[in-house]
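Chemist: Counting from 1, position 510 in the sequence shown corresponds to residue 510 in full-length UniProt numbering; the numbering is continuous, with no gaps. By construction, the Cβ of each residue, glycine as well, lies at the ideal position given by its N, Cα and C atoms. Since the structure is predicted, the reported quantities are computational estimates derived from the model, not experimental observations. Below is a structure I'd like to ask you about.
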Amino acid sequence: MFLKRIELQGFKSFADKSVISFDSDVIGIVGPNGCGKSNINDAIRWVLGEQSVKSLRGNSMSDVIFNGSTQRKPVNMAEVTLVFDNSKHVLNVEYEEVEVTRRLHRQSGEGEYFINRTPCRLKDILNLVMDTGLGRDSLSIISQGNISAFADAKPEERRALFEEAAGVAKYKKRKNESLGKLNRTQDNLSRLEDIIVELERQVNPLKRQAKKAEVYKEKKAELEKVEISVLVDEIEKLNKEIEALKQKAFDLETKKAMCETTIAVEDTKNSELRSEMYQLDREINKLQERFAKLTEDSRVLEARKIEMDEKRKYAIEFANSAEKAKELKAMMEEAHYEYEDRKKRAQSLETDLALYKEQSANLEHDISYCTQETAQANAILNRLQNRKDVLENLARQPFNHQQAVKSILDANLNGILGVVSQIFKPRANYETAISNALGGAMYHIVSKDEASARHAIGFLKKNKSGRATFLPLTVIKPRAMNNEHRILAENSKGFLGVASDFVENEERFCDLRDSLLGNVVIVDQLINANEIAKVLRYQYKIVTLDGDIVNRGGSMTGGQGKNNTTPLTIQKELTSLLQSLDGQLLKVEGLQSQLSSLQARKDRVSSDIVQLQISLAQLDPIVKAKWAKYERLKTDYEQIAPKDEEMQQELMDDDIVVRLSRLHSEIDEISSQMKSKRERRMKAGSEVERKDTQIRQLRRDLNILQNDEREVEVQQAKAETRLETALERLSSTYEMTFTYAQEQKVEMDMEEARKKVAILRQEISSLGNVNLDAPQEYAEISERFEFLSKQKEDLLKAKDKILSAIDEMDEIMIKQFTEMFEKINSELNDVFRSLFGGGKARLFMVDPEDVLNTGIDIDVQPPGKTVQNIRLFSGGEKSLIAICVLFSILKARTMPLCIFDEVEAALDQANVERFAKYISKFRGESQFIVVTHRPGTMAQCDALYGVTMQQNGVSQLLKVKLQDAIHMIDKEEVKA
Ligand code: ATP
Ligand code: MG
């Protein structure tokens, strides 16, 4: 006896506490319809954990609580207790006796479970009966009318019965748990894989970034090493350069001082010369006076001589011969004296003449040379003057050739601010570079905004005045060199700056300036322009001071036209032209004054020559006449005077002849003195002129020296700025003093090093944005990645374990299920033959390949009939077949308890008897509680319990004898 006792209270019709104690294996429960028999069946299933309200024949769980009758009030609680003998340990618990209780409160709807009066969970109850054959899917408890359900069930529904019989429920449960675990594991795995994929997505770029950061650091360190040396070298060179420039400035200063001194000296000399000229003028005047007096004296003496000569002629005619001879002799001597004197004078005149002629020829030559020079200088002057006119014209109207620009400017439209070339003023010496940096944009017109530009274009259209480009200030965006590029450029040879640094403009045009010139680089010469263009990767327009261009992309523009004048260069050209014009004018003036002084000298020499020639011409006959006079007087004297009587008489000093001749030589002396003083005066005059020219030249030299000095000062300032920049870079970037940096300097080829710096900078800038934290981040993320990968591995291992556990369970289930199935199947035929009196029946798996899920079907062949499926049989046959299967199961494995609620109702008398007898065979192994109306069944029971219900609607129990039971049925039948 497995089930020892049932206690019911408040359950369905059992309002009062009722106890059924079982003392034998086959117990029948009898009673009239509606007395409460099936309620006992319900009670047992209820305690064993039935949750289906429908299978308990109610609408809600509270329907199991007694709900009153005409004479009884409803109760508030249902309680049923089953007491099992567990000495064979059928139930999954240690106890020898197990008392299972279920309670339900109407008010709270709360259910309570107890095992051996200890509260427990429903789950514990279900565990208790698991795989005992008492499960809800087993055939061991069959409710009223349910017997045919087995036959009508789908093969898949039928399967549960066999599982229950095979006792695989716990494996199935564990498998389900494992599957749940598997699912969770899979979920975790998926989540982990998502994270890992995400990390992988991050890890590769980070790895690259980290690599990049390493490269960046390396290059930066290398750059530092090289650049420090380069900077030190540059600083040293700059120091030297500044030293040299200072020296140059000093030299220039010295030269300037020398020049100034020379000017002062020459000035002094000039004023000395001027006072000498004044002195000479005065002396010449005095000589002239003296000359006039002597000439007068000589005239008086001449007259006295003529008078004396007349007296002598008279004496000779009328005196004696001695007297005569004496007179003749005196006259003869006088004549001879005069002749000698005149001859000497003539000779001296001739010498002078020859000298003057030679002078005249020399002057002639000088004049013709100077004339030629002057003509040439004049031609140049004319050319310069013409150019000056042209430039002045251009300066007044720079846009004469830009029709559209001119008409816009003339029209004086609103919102037109000017032409680019008017707005920006290039710094000195950068005019050509800026012109070429601007290019065509020089003639673009700047407007306040787009509307004014539109208006101006409309104006041009209306007047057909040509086309122009407008720059509305409101939309212009400044451009600038990238900082890295700027540093690269600054460190390149020949770099002078960015074009925008070299113009002056009003504040409001700064953006425009940067837009047009902010990314144009100015360098000294073309070869350096090419070099810098390369360093800057041909991303900037580069213009040289001469106006040659290396365009973006590398194309080159250059050359020289007849004149490359632009509005921006006019002023500079004009200034330098005016300077040349000045110089040329000076030169022409100098040449002209030189020429006129030469001419004047030549004129004077010519007139002197004429004067000399006249004097000579006058003197010549006098010499001859004197000689003739002397000859004649000598002949006359020799006729009267004896030869021995030599003339002893000497001419006296006060002789008129002597005085006259002295006078003449004095006059000659004075005139020659005058001549020489005049000469001296003239020389001084031209000396003064020469010195004036020289002083002017010196002053110009001084001017140039001053300019040079300023230029040197500018260069020095530039070098000092560069020095400051280099020092600043040392201190701000590398935090080093120059002295310290000098110690760090490494000997290397500086040209190479400079290139290396440029290359490194370029390489660093081409790295773009560098994330310096990347190596750290990469390390962190890869650590995380590894950690998660490890976790993933663990999860995969766990998954494998679960899968293999499931496989193992599957294997066990398949084995147990198949074994049990075969066992039941092999029993079935016997059971069938004994219940049907022949024929055969066979259970088969619908899908033998899938033992774990296959449905179970039955083919049956009753005696004399063909093989048919169970569903095609009659109700009674279906019941009987189901009972056959049930008995086969009971034979295959022992079930501790079977409760049948009128399972044999549809059977005929003979079959009932066979059924009842078959039950008896299991006596001792299984306990049967059979609700029945059939005497055949009752007859096979060891004990019978009668259930009655009096008028009050409450079921009552009592043990009855077989006869009483049959009597009870008969009474019912009589009632019916
Ligand atoms: P039959 O021979 O016709 O199968 P039976 O003896 O099996 O009859 P049951 O089905 O066990 O009868 O009992 C049905 C009776 O129980 C009905 O009369 C019904 O009124 C009564 N009943 C069911 N639930 C309750 C309840 N909660 N409170 C009171 N009476 C109930
Ligand atoms: Mg019933």
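Which residues neighbour the ligand ATP when neighbourhood means a C-beta less than 5 Å away from any of its non-hydrogen atoms? List them by chain order.
Modeler: Residues flagged by the Cβ proximity filter: Lys12, Ser13, Asn33, Gly34, Cys35, Gly36, Lys37, Ser38, Asn39, Phe66, Asn67.
Chemist: With respect to the alpha helix (DSSP H) encompassing Gly458, which residues constitute its N-terminal and C-terminal limits?
Modeler: Here residue 458 is taken as the residue at index 458 of the sequence shown, counted from 1. Residues 450-463.
Chemist: Straight-line CA distance for Gly953 to Gly34?
Modeler: Here the question's residue 953 lines up with position 953 in the sequence shown. Here the question's residue 34 lines up with position 34 in the sequence shown. So the alpha carbons of these two residues sit roughly 10 Å apart.
Chemist: Report the three-state DSSP secondary structure of Glu777 (helix, strand or coil).
Modeler: The residue you call residue 777 lines up with position 777 of the sequence shown. Correct three-state label for Glu777: helix.
Chemist: Considering just the uninterrupted stretch of the alpha helix (DSSP H) at Phe509, what are its terminal residues?
Modeler: Working through the sequence shown from its first residue, we reach residue 509 at position 509. Careful: Phe509 lies outside any alpha helix (DSSP H) and carries neither H nor E.
Chemist: What residue range does the beta strand (DSSP E) around His933 cover?
Modeler: Along the sequence shown, read from residue 1 onward, the residue named residue 933 stands at position 933. That residue, His933, is in no beta strand (DSSP E); it is neither H nor E in DSSP.
Chemist: Which class does Asp908 belong to by DSSP, given the choice of helix, strand or coil?
Modeler: Taking the sequence shown and counting its residues from 1, one reaches residue 908 at position 908. Note: Asp908 maps to coil in three-state DSSP.
Chemist: Enumerate, from N- to C-terminal direction, the unbroken alpha helix (DSSP H) stretches of 4 or more residues contained entirely within the stretch 145-206.
Modeler: The stretch 145-206 contains these whole alpha helix (DSSP H) runs: 147-152, 155-166.
Chemist: What does the alpha-carbon distance come out to for the pair Gly876 and Asp25?
Modeler: One-based indexing of the sequence shown puts residue 876 at position 876. One-based indexing of the sequence shown puts residue 25 at position 25. Taking the straight line joining both Cα atoms gives about 26 Å.
Chemist: Out of Lys211, Lys357, Thr557, Leu723, state which residue places its alpha-carbon closest to the alpha-carbon of Asp773.
Modeler: Within the sequence shown, the letter at position 773 stands for residue 773. Of the candidates Lys211, Lys357, Thr557, Leu723, the one whose C-alpha sits nearest the C-alpha of Asp773 is Lys211.
Chemist: Helix or strand or just coil, what does DSSP make of Asp267?
Modeler: The sequence position of residue 267 within the sequence shown is 267, counting from 1. The answer is helix: DSSP assigns Asp267 an H, G or I state.
Chemist: Considering Met442, what are the terminal residues of the alpha helix (DSSP H) in which it resides?
Modeler: Mapped onto the sequence shown, residue 442 falls at position 442. Careful: Met442 lies outside any alpha helix (DSSP H) and carries neither H nor E.
Chemist: Quick one: is Gly28 buried, meaning 16 or more other Cβ sit within 10 Å of its Cβ, or exposed?
Modeler: Translated into positions along the sequence shown, residue 28 becomes position 28. That one is buried.
Chemist: How is the alpha helix (DSSP H) around Tyr369 delimited, first residue to last?
Modeler: Taking the sequence shown and counting its residues from 1, the one referred to as residue 369 is at position 369. Run containing Tyr369: 321-396, per the alpha helix (DSSP H) assignment.
Chemist: In chain order, what residues of the same chain have a beta carbon less than 6 Å from the beta carbon of Val83, not counting five sequence neighbours either side?
Modeler: Numbered from 1 along the sequence shown, position 83 holds the residue referred to as residue 83. Excluding positions up to five away in sequence, the list reads Lys4, Arg5, Glu99.
Chemist: Going by CA-CA distance only, name the one from Ile196, Lys878, Thr185 that's closest to Leu907.
Modeler: By 1-based counting over the sequence shown, the position of residue 907 is 907. With distances taken between Cα atoms, Leu907 lies closest to Lys878.
Chemist: Closest to Arg174 by C-alpha separation, out of Asp692, Gly36, Ile812, Asp964, would be which residue?
Modeler: Locating residue 174 in the sequence shown gives position 174, where the first residue counts as 1. Selected option, being the one with the closest Cα: Ile812.
Chemist: Give the single residue among Arg729, Asn362, Lys823 whose Cα lies nearest to the Cα of Leu231.
Modeler: For the purposes of this step, residue 231 is taken as residue 231 along the sequence shown, with counting starting at 1. With distances taken between Cα atoms, Leu231 lies closest to Arg729.
Chemist: Assuming Leu568 and Leu223 are in contact, meaning their beta carbons sit under 8 Å apart, how far apart are those beta carbons, in whole angstroms?
Modeler: Taking the sequence shown and counting its residues from 1, the one referred to as residue 568 is at position 568. Taking the sequence shown and counting its residues from 1, the one referred to as residue 223 is at position 223. Not quite, the Cβ-Cβ distance comes to about 39 Å (not below 8 Å), so this is no contact.
Chemist: For Cys120, name the three-state secondary structure that DSSP assigns.
Modeler: For the purposes of this step, residue 120 is taken as residue 120 along the sequence shown, with counting starting at 1. Note: Cys120 maps to strand in three-state DSSP.
Chemist: Taking CB distances under 8 Å as the criterion, tell me whether Phe11 reaches chain E.
Modeler: The question asks about chain E, but that chain is absent: this structure has only one protein chain.
Chemist: How would you write the range of the alpha helix (DSSP H) that Val520 sits in, first residue to last?
Modeler: Within the sequence shown, numbered from 1, the residue matching residue 520 stands at position 520. Run containing Val520: none in the alpha helix (DSSP H); it sits in the beta strand (DSSP E), 520-523.
Chemist: What distance in whole Å lies between the Cβ atoms of Arg136 and Thr854, which are believed to be in contact at a cut-off of 8 Å?
Modeler: Within the sequence shown, numbered from 1, the residue matching residue 854 stands at position 854. Within the sequence shown, numbered from 1, the residue matching residue 136 stands at position 136. No, Thr854 and Arg136 are not in contact; Cβ-Cβ is about 21 Å, not under 8 Å.
Chemist: When DSSP builds the beta bridges, which residues end up paired with Asp85?
Modeler: One-based indexing of the sequence shown puts residue 85 at position 85. Paired residues: Glu97.
Chemist: Could you tell me the alpha carbon to alpha carbon distance between Asn400 and Ser766, rounded to whole angstroms?
Modeler: For this step, residue 400 is matched to residue 400 along the sequence shown. For this step, residue 766 is matched to residue 766 along the sequence shown. Looking at the two C-alpha atoms, the distance is approximately 48 Å.
Chemist: Which of the three DSSP states, helix, strand or coil, is assigned to Ile125?
Modeler: Working through the sequence shown from its first residue, we reach residue 125 at position 125. DSSP places Ile125 in helix when its eight states are reduced to three.
Chemist: If you follow the beta strand (DSSP E) that Lys878 is in, where does it begin and where does it stop?
Modeler: For the purposes of this step, residue 878 is taken as the residue at position 878 of the sequence shown. Where Lys878 is concerned, there is no enclosing beta strand (DSSP E), although the alpha helix (DSSP H) it sits in stretches over 875-892.
Chemist: At a cut-off of 7 Å, is Glu913 close to the ligand MG when judged by its beta-carbon and the heavy atoms of the ligand?
Modeler: Mapped onto the sequence shown, residue 913 falls at position 913. Checking every heavy atom of the ligand MG against the Cβ of Glu913, none is found closer than 7 Å.
Chemist: What residues are listed by DSSP as bridge partners for His105?
Modeler: Here residue 105 corresponds to residue number 105 of the sequence shown, with the count starting at 1. In the DSSP output, where bridge partners are listed per residue, His105 has Met77.
Chemist: How do the stretch 416-434 and the stretch 553-562 stand: do at least 3 beta-carbon pairs fall below 8 Å, yes or no?
Modeler: The answer is no - the stretch 553-562 does not touch the stretch 416-434, with fewer than three Cβ pairs under 8 Å.
Chemist: Of the choices Gln402, Ala453, Ala480, whose alpha-carbon is the least far from that of Tyr443?
Modeler: The sequence position of residue 443 within the sequence shown is 443, counting from 1. Checked all of Gln402, Ala453, Ala480; the closest Cα to Tyr443 is Gln402.
Chemist: Quick one: give me the first and last residue of the beta strand (DSSP E) that residue 1045 is part of.
Modeler: Residue numbering for the chain in the displayed model covers 1 to 976; residue 1045 lies beyond these limits and cannot be assessed.
Chemist: Based on the DSSP secondary-structure assignment, which residues constitute the bridge partners of Asp859?
Modeler: Looking up residue 859 in the sequence shown gives position 859. Arg842, Asn869.
Chemist: Any idea what DSSP makes of Met949, helix, strand or coil?
Modeler: Counting from 1 along the sequence shown, the entry for residue 949 is found at position 949. Correct three-state label for Met949: strand.
Chemist: CB-CB under 7 Å to Asn436, same chain, minus the five flanking residues each way: which ones, in chain order?
Modeler: Position 436 of the sequence shown holds residue 436. Val543, Gly547, Ile549, listed in sequence order.
Chemist: Measuring alpha carbon to alpha carbon, tell me which residue in Asn869, Phe817, Pro205, Lys123 is nearest Lys840.
Modeler: If you number the sequence shown from 1, residue 840 lands on position 840. Closest option to Lys840, Cα to Cα, is Asn869.
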